[in-house]
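Peer 1: Mapping of the sequence shown onto my numbering: residues 4 to 847, in sequence order.
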Amino acid sequence: MTLLDRFRTRPAWQSPDPQVRAAAVRHLGADQSDLLASIARDDADPRVRRAAVQRLEDPTALAERAREDGDESVRQEAAGRLLHMAEAAEDPATAEAALAGLGDARHLSALARAARLSSIRFAAVARLDDPRALATVAKAAADPATRQAALEAIRDPAALAEVALKSEHKDVAVAAVARLDDRDTLEAVAARARNSAAARRARAALDTQPAPPPPAAEAAPVATVAEAPPLPAQPPLPEPPAPEPAPSVESPRAAPGPAVPDARERERAERLSLCEKVESLRGEDALDRLEEARAAWEGMAPLIDPPELEALNGRFQRALAECRQRQQDEAAHRAVEKEAAEREAREKEAQARAREAELRRRQQTLARAQALAARLEALAHAEKPGLREVERALRDERSMLDALATLPERKEREALAERLRAGRAALFPKAQELREADEWTRWTNAAKQEELCRQAEALLAEEDLEKALRRLREIDAAWREVRQAPRDQAESLWKRFKAARDQLHARLDPYLAKKKEEGRANAKRKEELAARAEALAGSTDWLKTAEQFRRLQSEWKQVGPTPHRTSQVLWERFRAAADRFFTRRKEDLDRRKHEWAANLQRKEALCARAEELATSADWEPAAAEMKRLQTEWKTVGPVRKSRAEAVWQRFRKAADAFFERYAQREQLERAAAVAEREALCLEMEQMASGTAPSGVGPRVLEIVNRWRQAGPPPRESAEALSRRFADARNRVVEARPEAFRKTELDPEANRARMEKLCARVEALLPRAEAAGASLAERLKEALAANTMGARGEAEARWKAAAAEVEAAQTAWKRLGPVPGEAGRALAERFEAACHRFLDSRPRK
Numbered sequence: 004m005t006l007l008d009r010f011r012t013r014p015a016w017q018s019p020d021p022q023v024r025a026a027a028v029r030h031l032g033a034d035q036s037d038l039l040a041s042i043a044r045d046d047a048d049p050r051v052r053r054a055a056v057q058r059l060e061d062p063t064a065l066a067e068r069a070r071e072d073g074d075e076s077v078r079q080e081a082a083g084r085l086l087h088m089a090e091a092a093e094d095p096a097t098a099e100a101a102l103a104g105l106g107d108a109r110h111l112s113a114l115a116r117a118a119r120l121s122s123i124r125f126a127a128v129a130r131l132d133d134p135r136a137l138a139t140v141a142k143a144a145a146d147p148a149t150r151q152a153a154l155e156a157i158r159d160p161a162a163l164a165e166v167a168l169k170s171e172h173k174d175v176a177v178a179a180v181a182r183l184d185d186r187d188t189l190e191a192v193a194a195r196a197r198n199s200a201a202a203r204r205a206r207a208a209l210d211t212q213p214a215p216p217p218p219a220a221e222a223a224p225v226a227t228v229a230e231a232p233p234l235p236a237q238p239p240l241p242e243p244p245a246p247e248p249a250p251s252v253e254s255p256r257a258a259p260g261p262a263v264p265d266a267r268e269r270e271r272a273e274r275l276s277l278c279e280k281v282e283s284l285r286g287e288d289a290l291d292r293l294e295e296a297r298a299a300w301e302g303m304a305p306l307i308d309p310p311e312l313e314a315l316n317g318r319f320q321r322a323l324a325e326c327r328q329r330q331q332d333e334a335a336h337r338a339v340e341k342e343a344a345e346r347e348a349r350e351k352e353a354q355a356r357a358r359e360a361e362l363r364r365r366q367q368t369l370a371r372a373q374a375l376a377a378r379l380e381a382l383a384h385a386e387k388p389g390l391r392e393v394e395r396a397l398r399d400e401r402s403m404l405d406a407l408a409t410l411p412e413r414k415e416r417e418a419l420a421e422r423l424r425a426g427r428a429a430l431f432p433k434a435q436e437l438r439e440a441d442e443w444t445r446w447t448n449a450a451k452q453e454e455l456c457r458q459a460e461a462l463l464a465e466e467d468l469e470k471a472l473r474r475l476r477e478i479d480a481a482w483r484e485v486r487q488a489p490r491d492q493a494e495s496l497w498k499r500f501k502a503a504r505d506q507l508h509a510r511l512d513p514y515l516a517k518k519k520e521e522g523r524a525n526a527k528r529k530e531e532l533a534a535r536a537e538a539l540a541g542s543t544d545w546l547k548t549a550e551q552f553r554r555l556q557s558e559w560k561q562v563g564p565t566p567h568r569t570s571q572v573l574w575e576r577f578r579a580a581a582d583r584f585f586t587r588r589k590e591d592l593d594r595r596k597h598e599w600a601a602n603l604q605r606k607e608a609l610c611a612r613a614e615e616l617a618t619s620a621d622w623e624p625a626a627a628e629m630k631r632l633q634t635e636w637k638t639v640g641p642v643r644k645s646r647a648e649a650v651w652q653r654f655r656k657a658a659d660a661f662f663e664r665y666a667q668r669e670q671l672e673r674a675a676a677v678a679e680r681e682a683l684c685l686e687m688e689q690m691a692s693g694t695a696p697s698g699v700g701p702r703v704l705e706i707v708n709r710w711r712q713a714g715p716p717p718r719e720s721a722e723a724l725s726r727r728f729a730d731a732r733n734r735v736v737e738a739r740p741e742a743f744r745k746t747e748l749d750p751e752a753n754r755a756r757m758e759k760l761c762a763r764v765e766a767l768l769p770r771a772e773a774a775g776a777s778l779a780e781r782l783k784e785a786l787a788a789n790t791m792g793a794r795g796e797a798e799a800r801w802k803a804a805a806a807e808v809e810a811a812q813t814a815w816k817r818l819g820p821v822p823g824e825a826g827r828a829l830a831e832r833f834e835a836a837c838h839r840f841l842d843s844r845p846r847k
């Protein structure tokens, strides 16, 4: 075998594995009959031959395998295929060719009953010579002509009797009865035939037959039944003048001739009837009726002679055995038919599966061919396809052409083959270019590999092992990039490079082992740090834990190198734990920022309200609200640390300012009252000093009302302010008296009121002076009059007068001014009257 032959693709049906061959055979098309016949004839494994037989459609090849194959299963498979072809074929030539390959009576019988073509059914009947098989066809064939042909071919009376007894078809059952002449058989048919017409025909035939002669001696019929040696011939008995009707098989038959009322004759007749009944038993219920007959036999009293009884008993036992054997044969026959039907169903199912598998295989082959054609076309139009990919596509194209040869669809197969060849033709020049480029690359790589060999050899003198290790890794990476070299130099260059590497590794391996040990220790340390970080990931002590994470990160950086993969895994663990903590911290910080912003907004609102209250003079309500603000401040949560102090100082400043003012509220009120009254005095003095404008009256009245509503000034400044205001007011009224006409500042009206008040107080003076007499005189008068209670009455009268004086003083204060000397005189008069009244209070 040449080297090219070793790489040539072999068909799967030539595989050394029988299972692979069998699977490949199942995928072969039915049009490849010559190949299938060759495999069915020549393959060493019966499984492969059987698979080929299942795919064969040639009756001649199947007949050859059915006759000559050395394996029984292959022969049965071939015979089953022929039977199926002969039954189902619509082409007479194909069906006849399949029939010619069949010789088994079971197959011919099944074909005679079920073949689609009538010519095949008649031909199968003509080839049958087994009476039982012919009887089966005559009984069960669906076609009347086939039944008649099978019946005509029967020459065995027992087979005819079976048809007459068991056939349900009237035509063949009656025709079979017409060919029977044995009286016992006719009696059995008349008694047990499945078809009623056949039973009537049998009874009619019995009626036309002469009655049997009476027995010459008691032992004669027994000897006949028991098949004993023949007795000497007896003269025939004379026939009766008229034949009696044939009795039923089920009841004992009376012997013709003179009636002999003998119990032995009845027993003999009953036993003979039971023997005939058992001998004619057929059907699925035969065993049940057999048991009934046996019970009846055993229940009869033995009255006849022992030799005759023994002969009849032997006949009955043989009939029992034959009946059981018939039942077994029929059961076996039914089992064979059932097995054939099941095998046929399995064959059809297997063929359907095979057809589906073949269809899938064809579809898959077509799909692969189309995909390969598209791949060839894409590679042909690609700018820089890979050489390996191009060569693989070209190899696949060669094998795909072989696979396409097995497809039956000629048009589609040729179109795909042409497309594949076109793709190969377009891709082949590019493959040549890629091969040339690959050879050039290999040639240039040879010089680079020589340089890398020299560099590796130079590293043998390097003392710095870490540097040597790093440089060796760089050289290895560079070698991988230029690993393709000319085939005649590749091996020698590789050996040279490998020798230098091996020497370097001999020096570096102990160093690497030490580094590996250090790496394991560092990995253990990093694993501890990762575990600590994972333990801290769920903490809520944000500041303290963040500081601990910073320390862990610092420790991590100080740990030495570790193996890359292990280091990456540990770093992922450490970073995941840190990310989880700081993510949670950020989420908490974001949440707190929202809370801080809301709290800051509330506190700023409290500050604004406190600043409004800081300048309020409504002391008690403002103090209560300020205290409420302080209480509410305590319920508000924290704010951002950078803003907390400023907002607190703002609120505190406003509160302190208010409460400082609240502590000095009396002084402030007095100062405010003084300031307010001084302003009113100044305003009134400005009006008094300048030219009084028009409408001075209402203006002065408004100032007077404001003066009355102003708060009380300090005692030390009240009199001076009142005098100052009154002087200014009086000057205005004196300057424009007409402006205050009919007002509370009308000078004339006020003078009249003053005079009335003066007169009112002066009217109280005589009573007060009388009440103010000396106590000695009053006591003296009291003792003289014996009226000690007069003293109390005088005190009461004075207090009543004092109340009137106070009312007059109050009314005086509400009076407007009376300018000039008249006003001053009235004021002096009123004050003098008041003083005189006060001086007139009774003395104790």
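Even for Gly, the Cβ is constructed at its ideal location relative to N, Cα and C.
Shortest alpha-carbon distance to Thr634 belongs to which of Gln452, Ser645 and Arg655?
Peer 2: It is Arg655.
Peer 1: According to the Cβ coordinates, are Val764 and Ala811 closer than 8 Å?
Peer 2: Going by C-beta atoms, Val764 is nearer than 8 Å to Ala811.
Peer 1: Terminal residues of the continuous alpha helix (DSSP H) containing Asp291?
Peer 2: Note, Asp291: alpha helix (DSSP H), Ala289 to Gly302.
Peer 1: Along the chain, which unbroken stretches of the beta strand (DSSP E) at least 3 residues long are found entirely within the stretch 170-198?
Peer 2: Entirely contained in the stretch 170-198, not one beta strand (DSSP E) run reaches 3 residues.
Peer 1: Looking at Val128 and Thr97, is the spacing between their C-beta atoms short of 8 Å?
Peer 2: Contact: no.
Peer 1: Looking at Val393 and Leu423, is the spacing between their C-beta atoms short of 8 Å?
Peer 2: For Leu423 and Val393, no; Cβs fall outside 8 Å.
Peer 1: Give the single residue among Asp659, Leu154 and Thr188 whose Cα lies nearest to the Cα of His172.
Peer 2: Of Asp659, Leu154 and Thr188, the residue nearest in Cα terms is Leu154.
Peer 1: Could you check if Leu315 is buried or exposed, using at least 16 other CB atoms within 10 Å of its CB as the buried criterion?
Peer 2: By the 10 Å Cβ count, Leu315 comes out buried.
Peer 1: Would you kindly report the start and end of the unbroken alpha helix (DSSP H) that includes Gly826?
Peer 2: Here the alpha helix (DSSP H) through Gly826 covers Gly823 to Asp842.
Peer 1: With distance defined between alpha-carbon atoms, name the residue in Asn733, Ser283 and Leu306 nearest to Arg269.
Peer 2: Considering only alpha carbons, the answer is Leu306.
Peer 1: Three-state secondary structure (DSSP) at Gln487?
Peer 2: Of the three classes helix, strand and coil, the one that applies to Gln487 here is coil, per DSSP.
Peer 1: Under a three-way DSSP split, which group does Leu430 fall into?
Peer 2: Of the three classes helix, strand and coil, the one that applies to Leu430 here is helix, per DSSP.
Peer 1: Flag this pair as touching only if the stretch 632-651 and the stretch 582-602 have three or more C-beta atom pairs under 8 Å; answer yes or no.
Peer 2: Touching, yes, given that three or more Cβ pairs across the two stretches are closer than 8 Å.
Peer 1: Pick out the complete beta strand (DSSP E) segments inside the stretch 631-673, 3 residues or longer, and give them in chain order.
Peer 2: Listed in chain order, nothing qualifies, since the stretch 631-673 has no complete beta strand (DSSP E) run of 3 or more residues.
Peer 1: According to DSSP, simplified to helix, strand and coil, what is Pro14?
Peer 2: Coil, per DSSP.
Peer 1: What residue from Asp593, Glu530 and Gln604 has the CA that sits closest to Pro566's CA?
Peer 2: The shortest Cα separation from Pro566 among Asp593, Glu530 and Gln604 belongs to Glu530.
Peer 1: Asn733 and Pro820 look like a contact to me (Cβ under 8 Å); what is the Cβ gap, rounded to whole Å?
Peer 2: Indeed they touch by this definition, with Cβ atoms about 4 Å apart.
Peer 1: CB Leu455 to CB Ala526, shorter than 8 Å?
Peer 2: No, the pair does not count as a contact, with Cβ atoms beyond the cut-off.
Peer 1: As a quick exercise: from Gly286, Leu131, Arg321 and Pro310, pick the residue whose alpha carbon is nearest that of Arg297.
Peer 2: Here the closest residue by C-alpha is Arg321.
Peer 1: Count Cβ pairs between the stretch 396-405 and the stretch 443-458 that sit closer than 8 Å; are there 3 or more?
Peer 2: With the cut-off at 8 Å, the stretch 396-405 and the stretch 443-458 do not touch.
Peer 1: Does the separation of the CB atoms of Lys142 and Arg285 fall below 8 Å?
Peer 2: Taking 8 Å as the Cβ cut-off, Lys142 and Arg285 do not qualify as a contacting pair.
Peer 1: Which whole-angstrom value describes the C-beta separation of Ala503 and Leu463, a residue pair presumed to lie in contact below a C-beta threshold of 8 Å?
Peer 2: Right, their Cβ atoms sit about 7 Å apart.
Peer 1: The alpha helix (DSSP H) with Arg119 in it runs from where to where?
Peer 2: Looking at the DSSP string, Arg119 is not in any alpha helix (DSSP H), and its letter there is neither H nor E.
Peer 1: Do you know offhand how far Leu39's Cα is from Leu382's?
Peer 2: Approximately 38 Å between the Cα atoms of the pair.
Peer 1: If Glu614 and Ala657 are in contact, beta carbons under 8 Å, what's the gap, nearest whole angstrom?
Peer 2: With a Cβ gap of about 4 Å, Glu614 and Ala657 count as contacting.
Peer 1: Whose C-alpha, out of Arg29, Ala26 and Gly73, is nearest the C-alpha of Asp45?
Peer 2: Per the Cα distances, Gly73.
Peer 1: Here's the rule: buried if 16 or more other CB atoms are within 10 angstroms of the residue's CB, otherwise exposed. What is Thr139?
Peer 2: Per the 10 Å Cβ criterion, buried.
Peer 1: Whose CA, out of Lys451, Ala835, Arg474 and His508, lies closest to the CA of Pro489?
Peer 2: Nearest of Lys451, Ala835, Arg474 and His508 to Pro489, Cα basis: Lys451.
Peer 1: State the Cα-Cα distance for the pair Gly684 and Phe728, rounded to the nearest angstrom.
Peer 2: Note that residue 684 is Cys in the sequence shown, not Gly. In a straight line, the C-alpha of Cys684 is about 5 Å away from that of Phe728.
Peer 1: With a CB to CB cut of under 7 Å and the five nearest residues on each side skipped, what residues in its chain are close to Trp622?
Peer 2: Here the set comprises Tyr665 and Arg668.
Peer 1: Looking at the structure shown, is Arg594 part of a helix, part of a strand, or coil, going by DSSP?
Peer 2: Here Arg594 sits in helix by DSSP.
Peer 1: What's the gap between the Cα of Pro250 and the Cα of Gln354?
Peer 2: Because the pLDDT at Pro250 is just 35, under 50, the model does not fix this residue reliably, and the point stays unresolved.
Peer 1: Identify whether Glu864 lies in helix, strand or coil by the three-state DSSP scheme.
Peer 2: Since the first and last residues shown for the chain are 4 and 847, residue 864 lies out of range.
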